[in-house]
Amino acid sequence: MFASVKSARITGVGERLKITAMPDRAPGPDEVLVRVKSSGVCHSDLHLWEGGYDMGDGKFMKVTDRGVKYPVTPGHEIAGTVEAVAPGVESVRAGDDVLVYPWIGCSKCPTCRAGNENVCDSPRSIGIFQDGGYADHIIVPHYKYLAKIDGMSLDEATSLACSGLTAYTAIKKASASSPENIVIIGAGGLGLMGIQIGKAITDSRIICVDLDDKKLATAKDMGADVTVNSKGKNVVQEIMDACGGMGAESVIDFVNAPPTAGLAFDVVRKRGSITLVGLFGGSFPLSLVTVPLKSLTIQGAYTGSYKDMIELVELAKKNTIAPMISRRYSLDDANDALEDLKARKIIGRAVINP
Ligand code: NAD
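Position 60 of the sequence shown, counting from 1, maps to 70 under the working numbering, and the rest follow consecutively.
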């Protein structure tokens, strides 16, 4: 058993993460103690650190009004090795490599019982509402939230718990009508996974939009058929042309800020769908008649279910998708990881190796 848990914690809005040692404890009933080997650094960790979300029109939604309590240890993309289990837990044992499903709900309501804990009204997500993976150890509240990943790269597996899982949910929603073209806006951690998953499970042409040429080059490497820089002069026309002139049947906005949402509405074709995923935030004026006249579907996608995470692990085991990890940080350098992500220096994902 370890002597104490070392973690990098958010103690207040925008304050530097504090490296803290907390007392250890043995896992209680159904719990599992995991030695964290890798923890993905998600843009949502930045929102948690910055205290909330831009709601537009000068309004800001504080995470503390949603039930977050500081101090809290961020990190919801967690892979590691089981160190100890509660008596009676048999599905995992010490030494197993595991991926943690972080999108925990109340586990009692009809939504949770149907397997959709990620959209429960009373979320208890790991790394947001309870301490997460920017730590050398974590106690996972129940063994049912673990997936065995023996043989996989633990750094790559982390992405499957959030960026991959969210992209999987979004692609499934966006491809329900078997679209010829899917426009993916944002080639960050989520968008790059979206491209790979889109190529793996649909026959759609993928057009990727970002404002950074380096990220667009990676998008191409990941399988995007066409890339478009949103800082260009004829962005809408370029996308329309790439889609054969009529626009895209599906647009997924992994940024979801006023300029990108506006672009989504500009390039979506009649009968098309827009899936909003990013939490950059803000608001923008919507021409209301456009929605019925074009018979549009506007939908949101929030993380994903445990079942979908398992499906994704299987895709990764077959090498159908390969998350891109471009930087690694120690726990002591967790602040640098967040600062670098904020400064848009990260291609794909960065991980912390505690
Ligand atoms: P990231 O920082 O890795 O990537 C963001 C990408 O968007 C970058 O490539 C950046 O260049 C690009 N971008 C930014 N502004 C742009 C613009 N105006 N036009 C075009 N491209 C632009 O972020 P990420 O980890 O991929 O997360 C993206 C967003 O999704 C964040 O807001 C995050 O909090 C959110 N998120 C949502 C869910 C969900 O379940 N809905 C889950 C995880 C993350």
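All C-beta atoms in this analysis are idealised placements derived from N, C-alpha and C, irrespective of residue type, glycine included.
Can you look up residue i in the DSSP assignment and give me helix, strand or coil?
| i | result |
| --- | --- |
| H147 | strand |
| K47 | strand |
| F70 | strand |
| N345 | helix |
| V265 | coil |
| L273 | helix |
| G62 | strand |
| T228 | helix |
| S336 | strand |
| S54 | helix |
| I114 | coil |
| I207 | helix |
| G282 | strand |
| L8 | The shown model of the chain, from 11 to 364, leaves out residue 8, and the question about it has no answer. |
| N239 | strand |
| K158 | strand |
Which same chain residues, not among the five before or five after residue i, have their C-beta less than 8 Å away from its C-beta?
| i | result |
| --- | --- |
| C119 | C130, D131 and S132 |
| W59 | I20, V23, G24, L27, P84 and L348 |
| E166 | A326, A332, P333 and I335 |
| E190 | S214, R215, C253, G254 and E259 |
| A94 | M11, A36, P37, V42, L43 and A104 |
Could you confirm whether any beta carbon from chain C is found closer than 8 Å to the beta carbon of residue i?
| i | result |
| --- | --- |
| S169 | You won't find chain C in this structure, because it holds only one protein chain. |
Report whether the distance from the Cβ of residue i to the nearest heavy atom of ligand 2 is below 7 Å.
| i | result |
| --- | --- |
| K225 | Judged by which ligands are present, ligand 2 is missing from the structure shown, whose ligands are ligand 1. |
Please list the terminal residues of the continuous beta strand (DSSP E) segment that includes residue i.
| i | result |
| --- | --- |
| T300 | First-last for T300: T300 to L303, but that is the alpha helix (DSSP H), not the beta strand (DSSP E). |
Leaving aside the five residues before and after residue i along the sequence, list all residues of the same chain whose C-beta is less than 6 Å from its C-beta, in chain order.
| i | result |
| --- | --- |
| S101 | Y153 |
Identify the continuous alpha helix (DSSP H) that holds residue i and give its terminal residues.
| i | result |
| --- | --- |
| S293 | Taken as a continuous stretch (DSSP letters only), S293 belongs to no alpha helix (DSSP H), as it is neither H nor E. |
| T168 | L164 to T168 |
| I249 | V245 to A252 |
Looking only at its chain, what residues have a beta carbon closer than 7 Å to the beta carbon of residue i, apart from the 5 residues adjacent to it on each side?
| i | result |
| --- | --- |
| V265 | I195, G196, G288 and F290 |
Does the contact criterion of 3 or more C-beta pairs under 8 Å hold for the segment 136 to 146 versus the segment 111 to 127?
A contact exists between the segment 136 to 146 and the segment 111 to 127.
Inter-stretch contact at 8 Å, needing at least 3 Cβ pairs: the segment 146 to 156 / the segment 39 to 59:
These segments touch.
Quick one: any contact between the segment 305 to 319 and the segment 327 to 342, if contact means 3 or more CB pairs under 8 Å?
Judged by Cβ distances under 8 Å, the segment 305 to 319 makes no contact with the segment 327 to 342, as fewer than three pairs qualify.
With a threshold of 8 Å, are at least 3 pairs of Cβ atoms found where one atom belongs to the segment 264 to 271 and the other to the segment 281 to 289?
The segment 264 to 271, when compared against the segment 281 to 289, does touch it at the 8 Å Cβ threshold.
contact_flag[the segment 167 to 175, the segment 184 to 204] where n(CB pairs < 8 Å) is 3 or more:
Judged by pairs of C-beta atoms under 8 Å, the segment 167 to 175 touches the segment 184 to 204, as three or more such pairs exist.
Segment contact, 8 Å Cβ cut-off, at least three pairs: the segment 191 to 198 with the segment 224 to 234:
The answer is yes - the segment 224 to 234 touches the segment 191 to 198, with three or more Cβ pairs under 8 Å.
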